[in-house]
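Visitor:
Number of protein chains: 2
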Amino acid sequence: MIDVAREAGTSVSTVSRALNGSDLISPEVVAHVRAVAGQLGYRADKRAQEFKLGRPLTVGVTVPDLANPFFSEVLKGLNAAARAGGYRLLIGESGEDPAEELRLVDELVDYSGALVLCSSRLTRAGLEKALALPVPVVCINRTVKNAGVVAIDYRAASRLLLEHLTGLGHRRVLYVGGPASSWSDGERRRTLRRTARALDVTLDEVDGGWSGNHGYDAGPAVLHSRATAVITFNDLVGIGLLSWMYDNGVEVPSELSVASYDDIPIAAYSRPPLTSLRNERARLGELAWQQLTKRLGGDDWPAPDLLTPELVVRASTGTARRRARIR
Amino acid sequence: MIDVAREAGTSVSTVSRALNGSDLISPEVVAHVRAVAGQLGYRADKRAQEFKLGRPLTVGVTVPDLANPFFSEVLKGLNAAARAGGYRLLIGESGEDPAEELRLVDELVDYSGALVLCSSRLTRAGLEKALALPVPVVCINRTVKNAGVVAIDYRAASRLLLEHLTGLGHRRVLYVGGPASSWSDGERRRTLRRTARALDVTLDEVDGGWSGNHGYDAGPAVLHSRATAVITFNDLVGIGLLSWMYDNGVEVPSELSVASYDDIPIAAYSRPPLTSLRNERARLGELAWQQLTKRLGGDDWPAPDLLTPELVVRASTGTARRRARIR
DNA sequence: TCCTAGCGTGCAAACGATTGCAACCGATCG
DNA sequence: CGATCGGTTGCAATCGTTTGCACGCTAGGA
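Chains as they are written, first to last, in our numbering: chain A, 1 to 327; chain B, 1001 to 1327.
1) How many whole angstroms separate the CB atoms of V1230 (chain B) and L1256 (chain B), which I take to be in contact at a CB cut-off of 8 Å?
2) Any chance you could list the beta strand (DSSP E) runs of at least 3 consecutive residues sitting entirely within the segment 150–189 of chain A, in chain order?
3) Candidates A:T143, A:V63, A:R323 and A:G240: which alpha carbon is nearest S254 (chain A)'s?
4) List, in chain order, every chain A residue whose beta-carbon is nearer than 7 Å to that of F1051 (chain B).
5) With three or more C-beta pairs closer than 8 Å as the rule, is the segment 1099–1117 of chain B touching the segment 1128–1141 of chain B?
6) Using the beta-carbon of each residue, which ones in chain A are nearer than 8 Å to K1076 (chain B)?
7) So, using beta-carbon positions, are D1065 (chain B) and E1107 (chain B) closer together than 8 Å?
8) In chain A, which residues lie with their C-beta within 8 Å of the C-beta of I1231 (chain B)?
9) Using CA atoms only, rank isn't needed, just tell me which of B:L1284, B:Q1290 and B:G1092 is closest to G1077 (chain B).
10) Determine, using beta-carbon pairs with one atom in the segment 1204–1215 of chain B and one in the segment 1223–1239 of chain B, whether at least three such pairs fall under 8 Å.
11) Mind listing the chain B neighbours of L89 (chain A)? Cutoff is C-beta to C-beta under 7 Å, in chain order.
12) So with Cβ pairs under 8 Å, would you call N234 (chain A) a contact of chain B?
13) If you measure between the beta carbons of Y328 (chain A) and L133 (chain A), is that distance less than 8 Å?
14) Which residues mark the beginning and the end of the alpha helix (DSSP H) in which A1080 (chain B) is found?
15) For S1072 (chain B), which residues in the same chain have their Cβ closer than 8 Å to its Cβ, ignoring the five residues on either side in sequence?
16) Can you check whether the CB of R1189 (chain B) is closer than 8 Å to the CB of E1205 (chain B)?
17) Among A:I264, A:T293 and A:T10, which residue has its Cα nearest to the Cα of P309 (chain A)?
18) Judging by CA-CA distance, which residue of B:D1262, B:L1104, B:R1325 and B:R1088 is the nearest neighbour of A1221 (chain B)?
19) Please check the pair V258 (chain A) and T195 (chain A), which I expect to be a contact at CB under 8 Å, by giving their CB distance rounded to whole angstroms.
20) What residues of chain A sit near P1056 (chain B), judged by a beta carbon separation below 8 Å?
21) Please report the Cβ distance between L1242 (chain B) and V1201 (chain B), rounded to the nearest whole angstrom; I am assuming they are in contact, meaning their Cβ atoms lie under 8 Å.
22) Based on the DSSP secondary-structure assignment, which residues constitute the bridge partners of Y261 (chain A)?
23) Given a threshold of 16 other Cβ atoms within 10 Å of its Cβ, counted over all protein chains shown, does S1026 (chain B) qualify as buried or as exposed?
24) In chain order, what are the residue ranges of uninterrupted alpha helix (DSSP H) at least 4 long that sit wholly in the segment 1268–1320 of chain B?
25) By a C-beta neighbour count over all protein chains shown, 10 Å radius and 16 as the cutoff for buried, is V1250 (chain B) buried or exposed?
26) Sorted by chain position, which residues of the same chain lie with C-beta nearer than 6 Å to E1007 (chain B)'s C-beta, five sequence neighbours on each side aside?
27) Examine chain A for any beta-carbon lying closer than 8 Å to the beta-carbon of P1253 (chain B), and answer yes or no.
28) Contact check, H170 (chain A) vs V313 (chain A) under 8 Å by CB: the rounded distance?
29) By the three-class DSSP mapping on this structure, what secondary structure does T228 (chain A) have?
30) Quick check on the burial criterion: 16 or more other C-beta atoms within 10 angstroms. Buried or exposed for E187 (chain A)?
31) Counting contacts by CB-CB distance shorter than 8 Å, is I140 (chain A) in contact with chain B?
32) In angstroms with no decimal places, state the Cα-to-Cα distance between V109 (chain A) and R88 (chain A).
33) According to DSSP, is A1114 (chain B) helix, strand or coil?
34) Closer than 8 Å, CB to CB, is Y42 (chain A) near chain B or not?
35) Please classify D185 (chain A) as buried or exposed, where buried requires at least 16 neighbouring CB atoms within 10 angstroms.
36) Could you tell me whether any Cβ in chain A is nearer than 8 Å to the Cβ of G1240 (chain B)?
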């Protein structure tokens, strides 16, 4: 900058003003300075700028698992929105571990003007700590006070699933659960139970996880239950389960129906294609950013945004014609 | 910091030294300052530190598509390695668009001490521009001079695939290609052609893309070719293609074999499970970081790291018994 | 002709840390 | 007893910007 000033025969203040389009500076000088700067290949040091200006134009994000398509797409949406607003994303992955997530948050906050916790696995206490930080925090898929909240409406989601299954005549449904630290697993269980009661459906539950392997491994337990329909924590689990059923000669859907949450792209291509709940994941990210901008603009936190998913019926659900058993 | 200094009855210099563990300071003072700092809840401003200290401890990364499991896992590996080295990741997504990638690079460089371009879609000229930047650049899955290079050994990869297929008796193979701007698609084509010639296999090619939809849409073209085996650009394309074959009554592998590159987790759960080339994607990220540290340490760029994949044979490949045709 | 706006510009102080250098201390040595 | 020295500490400059304030200049009105 000093070089530019010297070369242009002005002071650095003038260079700064010229480059930033201040209005109390003559147009000729602006043109001249711009020319000189371009010629010298000068680039303003963004870090110094942001340093001087105050809070960083960065939003820190945590996700449990980068390789999970659900989170990738949330990140896509958030990234696009944040970039449009002049912000960048600093992404951290907690590996589904609450302690690691806390460390991560603690580190990200040093470089971020805001935080987005995506499907936070934080303990209650950890979350308190995060909210006490001197930056605004938005939670995606976790409700909490004094923070922005954007979430899937699991009440509606679970109702859609169960109504679909009862419509097909199922009266006994099994839920294959997700990671214990997952808030959204808790919500899915809670809303399923409640809706099952209302619909007079028997709901059993077994533990699962978040990956295809977890679903595959749940195969025997599923068969042991006397359910005719299964709802899995997510599509990866569902697809893994479908695979076990195929390997063990159980026909889907004539012996067992399988449905799931999220509708990741690959769900349409499983065999049979998986009935699932489509949610606008990218939109989750977008809305998180919107909440953030409002808050950064000085307003209070807006009301939580709830996204209602849409049931995509595919061939993995149908009427039960036979009891499943291993052949 | 000033507050801490005042409260501790010292100068800010002393506080700085105490907190950073300088050796020319008395232990008692260190203890005292630390205590005061803790009590006041003082946290050093990392951004100011890095600003003063010089280059940012951040590595900027570009990927074409965050939702693609291949890239997610590379990011996982890179992230883990970089964090262990005290660096953070600034991630940008180009959306498979060369122009956008260039903009991205131009922005990331303002905040990064190093750049990692993952499967760069940059044009030749764009890449030159990126390499001319005042930070070290590592390319993952793209070879280039004067930069770090970490890549899959596609020569070995293509050979593994074709030898497997010829071993099963296939003499006519079709390649369903990837995005035009993808270097790795180019490499796959090049090495396949070359190996096909050596093995006396007829190789046809059609254009595809990177997603399940691209694979599904390629179905008719695949059937029109007279190939008995198909190699797809990646697993997503492969799974999409399998789905089309199923929907149209083509039996895999008895009428058509399908194999692919990458072996993403879901490949094991397609129906039939997909024969694919396993590569250590997380390791790609790790190696990229290693190259970077060497370079940042003052050395020249090390020789390119080539990772040889491993063929995972599953049920989607077998001996062709019938000519495929739509029923 | 002089005074006063008002516009354009430069000086210098910040932002929050690190660090070379000088100064100070007590102790040891000659 | 004074010089020296090692061990600590503080002063002030610095990183690359932005910006409040003061100043100078020009033009227009009285």
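Where a beta carbon is used, it is the ideal one built from N, C-alpha and C, also for glycine.
Guide: This is what the structure holds:
1) Residue numbering aside, residue 1230 (chain B) sits at position 230 when the second sequence is read from its first letter. Residue numbering aside, residue 1256 (chain B) sits at position 256 when the second sequence is read from its first letter. About 6 Å; that satisfies the 8 Å criterion.
2) 172–176
3) As a working note, residue 254 (chain A) is residue 254 in the first sequence. Ranking A:T143, A:V63, A:R323 and A:G240 by Cα distance to S254 (chain A) puts A:R323 first.
4) As a working note, residue 1051 (chain B) is residue 51 in the second sequence. Under the 7 Å cutoff, chain A gives R47, A48 and F51.
5) yes
6) Stepping through the second sequence from its first residue, residue 1076 (chain B) is reached at position 76. Near K1076 (chain B) (Cβ distances below 8 Å), the residues of chain A are L66, A67 and E93.
7) Counting from 1 along the second sequence, the entry for residue 1065 (chain B) is found at position 65. Counting from 1 along the second sequence, the entry for residue 1107 (chain B) is found at position 107. No, the pair does not count as a contact, with Cβ atoms beyond the cut-off.
8) Residue numbering aside, residue 1231 (chain B) sits at position 231 when the second sequence is read from its first letter. Correct list: empty, because the minimum Cβ distance to chain A is about 18 Å.
9) Residue 1077 (chain B) sits at position 77 when you count from the first residue of the second sequence. When only C-alpha atoms are compared, the closest one is B:L1284.
10) yes
11) Counting from 1 along the first sequence, the entry for residue 89 (chain A) is found at position 89. Within 7 Å Cβ-Cβ: I1091.
12) As a working note, residue 234 (chain A) is residue 234 in the first sequence. No, its Cβ sits nowhere closer than 8 Å to a Cβ of chain B.
13) No answer is possible for residue 328 (chain A): the residues shown for chain A start at 1 and end at 327.
14) Residue 1080 (chain B) sits at position 80 when you count from the first residue of the second sequence. Residues P1069 to A1084.
15) Position 72 of the second sequence, counted from the start, is the residue given in the question as residue 1072 (chain B). So the qualifying residues of the chain are L1066.
16) Looking up residue 1205 (chain B) in the second sequence gives position 205. Looking up residue 1189 (chain B) in the second sequence gives position 189. Yes, Cβ-Cβ distance for E1205 (chain B) and R1189 (chain B) is below 8 Å.
17) Position 309 of the first sequence, counted from the first residue, corresponds to residue 309 (chain A). Residue A:I264 is the option with its Cα nearest to P309 (chain A).
18) Here residue 1221 (chain B) is taken as the residue at index 221 of the second sequence, counted from 1. That would be B:R1325, whose Cα lies nearest to the Cα of A1221 (chain B).
19) As a first step, residue 258 (chain A) is located in the first sequence; it is residue number 258 there, counting from the start. As a first step, residue 195 (chain A) is located in the first sequence; it is residue number 195 there, counting from the start. Rounded, the Cβ-Cβ distance is 18 Å, inconsistent with contact.
20) Along the second sequence, read from residue 1 onward, the residue named residue 1056 (chain B) stands at position 56. Residues of chain A passing the Cβ test: R47.
21) Locating residue 1242 (chain B) in the second sequence gives position 242, counting from the first residue. Locating residue 1201 (chain B) in the second sequence gives position 201, counting from the first residue. Contact flag wrong, Cβ pair sits at about 22 Å.
22) Start at 1 with the first residue of the first sequence, and residue 261 (chain A) comes out as number 261. In the DSSP output, where bridge partners are listed per residue, Y261 (chain A) has A:L277.
23) By 1-based counting over the second sequence, the position of residue 1026 (chain B) is 26. Exposed: under 16 other Cβ atoms inside 10 Å.
24) 1281–1296
25) Along the second sequence, read from residue 1 onward, the residue named residue 1250 (chain B) stands at position 250. That one is buried.
26) Looking up residue 1007 (chain B) in the second sequence gives position 7. Excluding residues within five positions, the ones whose Cβ falls inside 6 Å are V1036.
27) Within the second sequence, the letter at position 253 stands for residue 1253 (chain B). No - not a single Cβ of chain A is within 8 Å of the one on P1253 (chain B).
28) One-based indexing of the first sequence puts residue 170 (chain A) at position 170. One-based indexing of the first sequence puts residue 313 (chain A) at position 313. Actually they are not in contact, since the Cβ atoms of H170 (chain A) and V313 (chain A) sit about 14 Å apart, beyond 8 Å.
29) Locating residue 228 (chain A) in the first sequence gives position 228, where the first residue counts as 1. T228 (chain A) falls in the coil class under three-state DSSP.
30) The residue labelled residue 187 (chain A) in the question sits at position 187 within the first sequence. It is buried - the Cβ of E187 (chain A) has at least 16 other Cβ atoms within 10 Å.
31) As a first step, residue 140 (chain A) must be located in the first sequence, where it is residue number 140. No - not a single Cβ of chain B is within 8 Å of the one on I140 (chain A).
32) Position 109 of the first sequence, counted from the first residue, corresponds to residue 109 (chain A). Position 88 of the first sequence, counted from the first residue, corresponds to residue 88 (chain A). Computed Cα separation, rounded: 14 Å.
33) Your numbering for residue 1114 (chain B) matches position 114 in the second sequence. Correct three-state label for A1114 (chain B): strand.
34) The residue labelled residue 42 (chain A) in the question sits at position 42 within the first sequence. Judged by the 8 Å Cβ criterion, Y42 (chain A) is not in contact with chain B.
35) Position 185 of the first sequence, counting from 1, holds the residue named residue 185 (chain A). Label assigned to D185 (chain A): buried.
36) Residue mapping note: residue 1240 (chain B) aligns to position 240 of the second sequence, counting from 1. True, the Cβ-Cβ gap to chain A drops below 8 Å.
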